[in-house]
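Notes for the one structure printed next.
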Amino acid sequence: MSHRFAFRIAHRDIPSEPYSITVESQRTRKMLLFQLSAITTISNVESLSKLRKSHTKLMDARGLVGVLRTTQDDAYLLVVTDDESVGELRNCKIYRIWGMNAVSLRGPVTANPVDSRINDAIGSTVFALYLNFSSLQVLRLFSSGSFYYASQDDSNRCIDLTVRSHKCLSSSNGDSRFFWNKHLHYPLTRYKIDANEWLLQMICGAVVICQVYVGQQRATIALISRLSCERVGTRFNVRGIDYNGHVANFVETEQIITLGSDEISYVQIRGSVPLFWEQPGINVGSHKVKLRAFEASSPAFNRHFRALKEEYGEVTVVNLLGAKEGEALLSKAYEAHCKNSNCVAGYITFDYHEEKRNCMKLMAILIPKIRKCIFYRQRNGNVLCNQNGVIRVNCLDCLDRTNAVQTLIGFQALSLQLESLEVDKKYFSRFEEHLKDIWQRNGDSCSVIYAGTGALEGKSKMKDAKRTLVRAIQNNFLDTWKQEAFEFLLQGALACDNSYSELTCMMPRDILLGILEGPSVLKNLVERKMEMVENVPLTVWVGTWNVNGGKNFSDIAFRNQTNLGDWLFPQHFPGLSGGGSITPDIYVVGLEEIIDLNASNIVSASTTNQRAWALGLREALSKRNKYILLGCEQLVGVCIFVFIKPSLATSVRDVSINSVKTGMGGATGNKGSVAMSLTIYSTTFCFVCSHLAAGQNEVRDRNEDYMNALRKIKFSQGRDILSHVVVFWLGDFNYRIVLSRTEVEAAIKSGNMVELSRYDQLSQQKAMGEIFKDFEEGPLTFAPTYKYDTFTDDYDTSEKCRVPAWTDRVLWRETDGANIVELLSYDRIELKTSDHRPVCALFRVNAYKINLSRFGLVFRDVISSMGPPDGTVLVSVCNLDCFPTELYHPVIGKLDLLGISPSISKVESGVLWLIFNSCDIALAALSLDGVRIGNFVLSVQLLTPNWAELEYSKIDNVLRNVTEDMNMECVELRNADNFEINDEDDSLMKGGSDDRSSRLRCNSPLDRNEIDLCQLNVPKTAPRSASSPRLNEMMQLSTNDRITNLNVESAQLRPLSLPLLDPVEVSIDICIPPPVPPRKEAADK
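The sequence shown begins at 1 in UniProt numbering and counts up by one.
Here it is in structure tokens:
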């Protein structure tokens, strides 16, 4: 045992009494009582004695973590059962957790494990019959050796591990970024119990402490790494940044030295590249990076660095990404954002893999910055100096390369710390020896949390190869449980709470942090959500086009046949033509058969045409207004693009993309659906683009394709397609007309589209309730869009002689009662380069937007009407100092007449405490005020009469900060075309100058004078130079720039062998579509 047990846990489980749990502190001899979902403390000696006798011991615990609610009815007390001491800091012992238990607060419980396999998994006994799988995973996570806490044995020497040294003197509530069990404290604070007296404050990360003798004195050197809980997850599940500005694997590492009465600390940070990016699919060996929404990353990027600047001062970025595969693209995107940010004091890029033997050259750049930031130092509580800046280091995973560079920074800081403490230099080697070991152990601990293994050190190839293999298996196949455990730990029952899910769509999550523990509050706010929102009109253009493989777009002979402006800005659509025309706020473009659906493309689809279309669409849209590409996704031949105006970028969040294959029974992607989910203001949108099964009579297959998309497409936040407020579903649905060719052509010629639409398979199936239930579509007043002979107005004249059909459609759906979508126009466009005609629709959507002023009023009203969260009523007798015990039962009898009863009652400090598990019941109990019982007159009052003001004050500051954040502007970035589409072609990765793909690679935006991209016309000329004045302007940086590529001028040293990234290695994903050979005509689409 590492130290004595601090708490005795007992329970009462008899039929005649409510089930209860007691937790007695061995230090204070006070007791916590959990009963009927209420909590209170017991300090009266007589009451303590009675409870000890009536409760049976369950177990002893070393510490209490908090109360985890798994459902609205179930809750568990998490307790530490096994730990080990890692050392002392400021005379306070620090412990590492190795075992944890869950005690059911609902009961019954048993001292026997539920299943022996659970013991094997978590290394402890579970005292809960009803513990669900997610809760077991939380216990397994807590028992992994990654969590630490400071001893509470002596309140005078207790320290808060969640805050760094210079904040210890001013912080009393911990740093919420690193306070992992803060939300587990709420059930106690709700009932006005001092949670810090009972519960631990835990961090996740690493704490390594050792002692060093300096002559007759003993110094302590410690390294504390705190992993943020704001965006937490495992390696391939969580990457980059979220819309609140939180990044994956964000770690604050503090290097502390204490000597005598002096304490000195130096802080550095690490975190994932703060852009929207991911690594989809199975990642073994080579890891492809996929950037999303390059320009739309700007608001989140600025939020992140603004928060860092407010917290740490000036931020210097050290980027260790290299030139291999997607790292070069990600690095250049990062550099572009840093150059446009006012919150980044300096940017240094260093290809660690290429120059790891020359790290001292990097240190030559960093030493002046380390000296400028200095460090925090205090003596006997008096602050002598503060650290006024921080170095932020990153690589791809923020693990191995980051560990190495942060170690070097730590050694440099160590020299400065020891010099400040006036330590004799003959002792420096002792500190350096210990520090080297400490940093290695720290790196291993941080790596285990995020990647599942220790850090790769580069010393032993065999050891590193083994860890690399373990990582590949762990991260690709076995990390699901850990990710679920992280999410369940931080959200608990709210993960499945519909009210919480709905509110997260409506308002910034910072607001919810103050109210998320009160499920009844959330429910009441959802019921009154329409009082908190205002409507913001948005114009949405939605279009779909089967482009027949795109084989005709590259031929200069057809340059006048493919004017995208005719499709994007139809002249006959009201408001889209003329000088005073409107410009849609959102463009949703769906393309089918963007590539030929041949066997090689089905197995490994090329993104060449995707990149060309992205550039062409951007060029066409830019003739009317500036647009940014929010996201795009390709599934073989199906591709969706979403463009938005820059002014909307700060109002968009929670973008999530998914797809499902439906070809050949779901085995291939020649048919399938791609979908994008996002929230604009407070309205959730879903855009789905589908290419369904072909064939005149394959109605059942098409219906099945639709249902598979509906069932299988899932997004983050637990959303599916139909859980959004507004859904637009577009694509080549391939539904045909159930008439002969002659009959259809006759109806088209006579213009009798209304009659013809009666025989449309989609309309028939929809009317039968088989597909698109509750979806709407505009009237089919235009002619069928399929199948044409290309470049003509003639329907199919091939030997197949297919029946014309409305295969290309746009439908929409909105939540019941919303009525916020209005169809303005719906028609086809006469572009003839494909065998389909494109279709588009124009909508006005009155989107919901949270009005923070209205929210404040509604929140205050809801809180005021619900009653105090503690649900506690104090009953005394007028003119008496002490509540007579003989009145207890009469008072309870009066409550019975009202139909209410307390969960817990106690007489303490001369007052009868009635504690209810519901806020409104406490208000009902106030009706006993002034009631006469015999000769006694009752005085009844709330424990917290000003609860409404207290609760509102918690979020008042948050509302002001959120208002400022919502007014943030999107910074416009040049050269965005370089980063928007990611090249996944293997041939591009390999290089090679003879294949078609390598000839399409370029390192800059295309010369706008070289090609009319709006027409998608490509001259048949030799590829031009990749040079571009705009790109050169971005890369050739002056000495006054804050962006520093490690070179001779910036370091003022002898010439360094660190050139800019080799242009051949950087693949910018914009290219000219090449001439495509005619494809063989398939039997059908």
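For every residue, glycine included, the Cβ atom is placed at its ideal position computed from N, Cα and C. Computed from a prediction, not measured in an experiment: that's the story for all the values here.
Beta-ladder partner(s) of Lys356, from DSSP: Residue pairing by DSSP places Lys356 in no beta bridge whatsoever.
Output the boundary residues of the beta strand (DSSP E) element that contains Lys57. Per DSSP, the continuous beta strand (DSSP E) segment holding Lys57 begins and ends at Thr56 to Ala61.
Helix, strand or coil for Thr70 per DSSP? coil
Which runs of the alpha helix (DSSP H) fall wholly inside the segment 684 to 727 and span at least 4 residues, in chain order? If you keep only unbroken alpha helix (DSSP H) runs of at least 4 residues inside the segment 684 to 727, you get 699 to 712.
Own chain residues within Cβ distance below 6 Å of Asp1007, not counting five before or after: With a pLDDT of only 33 at Asp1007, under 50, the local geometry of the prediction cannot be trusted, and the value read off the model is given with reservation. Same-chain partners within the cutoff: there are none.
Is His11 helix, strand or coil when you go by DSSP? Three-state result, His11: strand.
Beta-carbon proximity list for Phe687, same chain, < 7 Å, skipping 5 on both sides: Val588, Ile640, Val642, Ala675, Met676 and Phe728
By how many angstroms is the C-alpha of Ile241 removed from the C-alpha of Arg231? 8 Å
If we count the other Cβ atoms within 10 Å of its Cβ and call it buried at 16 or more, is Arg719 buried or exposed? buried
For Val393 versus Leu320, is the C-beta spacing smaller than 8 Å? yes
Three-state secondary structure (DSSP) at Lys523? Here Lys523 carries a helix assignment [DSSP, helix/strand/coil].
Can you tell me which of the three DSSP states Ser47 falls into? helix
Just the C-alpha distance for Gln634 and Gly389, rounded to the nearest angstrom, thanks. 43 Å
Which one of Ile771, Lys849, Arg528 and Gln610 has the shortest CA to CA distance from Val862? Arg528
By Cβ distance below 6 Å, which residues in the same chain neighbour Gly590 in space, the five residues on each side in sequence not counted? Thr544, Ile640, Cys689, Leu730 and Gly731
Report yes if the C-beta distance between Leu259 and Ala219 is below 8 Å; otherwise report no. Cβ distance < 8 Å, so Leu259 and Ala219 count as in contact.
Cβ-based burial, Tyr450 [other Cβ within 10 Å; buried from 16]: buried
Using the rule of at least 16 other Cβ atoms within 10 Å of the residue's Cβ for burial, across every protein chain shown, is Ser297 buried or exposed? buried
Any contact between the segment 894 to 906 and the segment 928 to 943? By contact I mean 3 or more CB pairs, one from each, below 8 Å. yes
Here's a check: name, in chain order, each residue in its chain whose Cβ is nearer than 6 Å to the Cβ of Ser825, leaving out the five neighbours to either side. Exclusion of the five residues before and after Ser825 leaves Phe573 and Leu842 as the residues of its chain whose Cβ lies within less than 6 Å of its Cβ.
For Gly322, tell me which candidate among Glu314, Thr316 and Ala333 has the shortest Cα-Cα distance. Among Glu314, Thr316 and Ala333, the Cα nearest to that of Gly322 belongs to Ala333.
Touch check for the segment 704 to 719 and the segment 786 to 801: three-plus C-beta pairs under 8 Å? The way I'd put it, the segment 704 to 719 doesn't touch the segment 786 to 801; fewer than three beta-carbon pairs between them come closer than 8 Å.
Have a look at Tyr130 and Cys919 and give me their C-alpha separation to the nearest angstrom. The predicted position of Tyr130 is uncertain, since its pLDDT is 42 and thus under 50; no value can be drawn from it.
Based on Cα-Cα distance, which residue from Asn196, Asn609, Asp835 and Tyr759 lies nearest to Asp795? Here residue 795 is Tyr; the residue named in the question, Asp, does not match the sequence. Tyr795 has its Cα closest to that of Asp835, out of Asn196, Asn609, Asp835 and Tyr759.
Between the alpha carbons of Met1 and Ala150, how many angstroms are there, rounded? With a pLDDT of only 37 at Met1, under the threshold of 50, the placement of this residue in the model should not be trusted, and no figure is reported.
Which residue comes first and which comes last in the alpha helix (DSSP H) that contains Thr528? Residue identity differs from the one stated: residue 528 is Arg in this sequence, not Thr. Neither: Arg528 is in no alpha helix (DSSP H) and is coded neither H nor E.
Could you say which of Trp913, Ala10 and Ser16 lies nearest to Leu32 if we only look at CA atoms? Ala10
Start and end residues, alpha helix (DSSP H) containing Pro187: Tyr186 to Arg190
Name the one or two DSSP bridge partners that Trp913 has. Bridge partners of Trp913: Leu874 and Lys906.
Counting only the same chain and skipping the five closest in sequence on each side, list residues whose C-beta sits under 6 Å from that of Tyr786. Ala805, Thr807 and His836
Could you check whether the Cβ of Ile657 sits closer than 7 Å to any heavy atom belonging to the ligand GDP? Absence of the ligand GDP is noted for the structure shown, with no ligands found whatsoever.
Option nearest Ile511 by Cα separation, candidates Thr56, Leu184, Arg960 and Asn44: The option with the nearest alpha carbon to Ile511 is Arg960.
Sort Ile269, Ser261 and His185 by Cα distance to Arg226 and report the nearest one. Of Ile269, Ser261 and His185, the smallest CA-CA separation from Arg226 is found for Ile269.
Select from Ser581, Ala614, Ile955 and Gln491 the residue whose C-alpha is nearest the C-alpha of Leu564. Ala614
CB-CB length for Leu184 against Asn917, believed under 8 Å: In fact, because the Cβ distance is near 18 Å, the residues do not count as touching under 8 Å.
Does the Cβ of Phe299 have 16 or more other Cβ atoms within 10 Å, making it buried, or fewer, making it exposed? Position check: residue 299 holds Pro in this sequence, whereas Phe was assumed. Pro299 should be labelled buried.
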